[in-house]
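Colleague: Submitted below is the structure of interest, expressed as structure tokens.
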Amino acid sequence: RKEVEQDPGPFNVPEGATVAFNCTYSNSASQSFFWYRQDCRKEPKLLMSVYSSGNEDGRFTAQLNRASQYISLLIRDSKLSDSATYLCVVNRVYRDDKIIFGKGTRLHILP
Amino acid sequence: EAGVTQSPTHLIKTRGQQATLRCSPISGHTSVYWYQQALGLGLQFLLWYDEGEERNRGNFPPRFSGRQFPNYSSELNVNALELEDSALYLCASSLGGWAKNIQYFGAGTRLSVL
């Protein structure tokens with residue numbers, strides 16, 4: 014089983030809709046979690062950190078479920094500019110520090 | 160404030176040659192990370208440097224090496240280049256070790272091996 018898994022998509026979603034995707038992780042020692050966004054042929058950029066209690070930033074909501082070992086990202090009222098690949102990032106501090114990027118979920122917002 | 164800068168933007172080499180990629184972190188950041196992103200694939204962790212020391216290494220052969228200088232800038236060296244080394248190489252920096260620290264990425268160096 015891969016340490017971090019994401020549905021590669023693509024998710025094709027009409028503008029204005031709500032979309033959600035999950036990211037599962039296998040190591041329970043994982044300590045911190047992030048969502049990054051990567052536009053085509055560009056570098057990844059931090060979208061938001063994921064806190065245990067869940068957190069919201071405008072149209073974006075991130076949640077962590079430690080019991081089931083997954084994080085989620087919800088995008089409300091999607092915009093054309095939300096089209097990108099969303100990378101799940103898991104930091105683990107267990108014997109050795111390790112950071113693992115998921116392969117990403119591609120999102121296409123359709124006009 | 161300047162972000163993470165990488166040079167060169169593009170690099171073309173032939174099989175067997177050596178490539179040197181450079182990265183300057185955000186001012187105040189002591190940790191530098193290197194990643195490889197081959198076309199259509201996810202980011203693969205290569206190396207992590209902090210305070211001039213190599214802290215962790217991904218599953219890459221020894222011909223991938225690097226160093227971090229006293230000013231925290233870093234260099235990635237790839238020896239005996241192979242065709243499959245063609246990829247986007249991304250550098251990121253953060254404040255200290257990685258457990259909770261956000262990484263900020265440079266725009267990358269696109270390496271093409273012919």
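Top line first, the protein sequences correspond to chains A and B.
Using our numbering, read the first sequence as starting at 14 and increasing by one per residue.
Using our numbering, read the second sequence as starting at 160 and increasing by one per residue.
C-beta atoms are modelled at their ideal positions from N, C-alpha and C, and glycine is treated no differently.
Kindly list the residues whose CB is nearer than 8 Å to the CB of Ser65 of chain A, restricted to its own chain and excluding five residues on each side of it in sequence; keep chain order.
Modeller: The residue you call residue 65 of chain A lines up with position 52 of the first sequence. Correct list, in chain order: Leu77, Arg79.
Colleague: Going by other Cβ atoms of all chains shown within 10 Å of its Cβ, with 16 needed for buried, is Ser233 of chain B buried or exposed?
Modeller: Reading the second sequence from its first residue, position 74 is the one you call residue 233 of chain B. So Ser233 of chain B counts as buried.
Colleague: With the cut-off set at 8 Å, would you say Asn40 of chain A and Arg119 of chain A are in Cβ contact?
Modeller: Sequence index remark: in the first sequence, residue 40 of chain A carries index 27 (1-based). Sequence index remark: in the first sequence, residue 119 of chain A carries index 106 (1-based). No, Cβ-Cβ distance for Asn40 of chain A and Arg119 of chain A is not below 8 Å.
Colleague: How about Gly117 of chain A: is its C-beta nearer than 8 Å to some C-beta of chain B?
Modeller: Numbered from its first residue, the first sequence carries residue 117 of chain A at position 104. Interface residue, yes.
Colleague: If you measure beta-carbon to beta-carbon, which residues of the region 204-230 of chain B are closer than 8 Å to chain A?
Modeller: Phe204, Trp207, Arg214, Asn215
Colleague: So is Ile84 of chain A in contact with chain B if we call contact Cβ pairs under 8 Å?
Modeller: The residue labelled residue 84 of chain A in the question sits at position 71 within the first sequence. Not a single CB atom of chain B sits nearer than 8 Å to the CB of Ile84 of chain A.
Colleague: Is there a C-beta anywhere in chain A that falls below 8 Å from the one on Leu202 of chain B?
Modeller: Along the second sequence, one-based indexing puts residue 202 of chain B at 43. Yes - at least one Cβ of chain A is within 8 Å of the one on Leu202 of chain B.
Colleague: Looking at C-alpha atoms only, which residue of B:Asn260, B:Val191, B:Val272, B:Gly199 is the closest neighbour of Thr164 of chain B?
Modeller: On the second sequence, position 5 is the one that residue 164 of chain B refers to. Here the closest residue by C-alpha is B:Val191.
Colleague: Quick one: is Glu69 of chain A near chain B, going by C-beta distance under 8 Å?
Modeller: Residue 69 of chain A sits at position 56 when you count from the first residue of the first sequence. For Glu69 of chain A, the answer is no, since every Cβ of chain B falls outside 8 Å of its Cβ.
Colleague: So Ser271 of chain B and Ile185 of chain B are supposed to be a Cβ contact under 8 Å. How far apart are they, rounded?
Modeller: If you number the second sequence from 1, residue 271 of chain B lands on position 112. If you number the second sequence from 1, residue 185 of chain B lands on position 26. Ser271 of chain B to Ile185 of chain B, Cβ: 27 Å. No contact.
Colleague: Can you list, in chain order, the residues of its chain with a C-beta nearer than 8 Å to that of Asp20 of chain A? Leave out the 5 residues immediately preceding and following it.
Modeller: By 1-based counting over the first sequence, the position of residue 20 of chain A is 7. Answer for Asp20 of chain A: Phe34, Asn35, Thr118, listed in chain order.
Colleague: Below 7 Å on C-beta distance, what does Glu56 of chain A contact in chain B?
Modeller: Residue numbering aside, residue 56 of chain A sits at position 43 when the first sequence is read from its first letter. Using a Cβ-Cβ cut-off of 7 Å, Glu56 of chain A is close to Leu249, Phe264, Gly265, Ala266, Gly267 of chain B, given in chain order.
Colleague: Under 8 Å between beta-carbons, which chain A residues line up against Ile261 of chain B? List them in chain order, please.
Modeller: Within the second sequence, residue 261 of chain B is the residue found at index 102, counting from 1. Simply Phe47, Leu59, Ser62.
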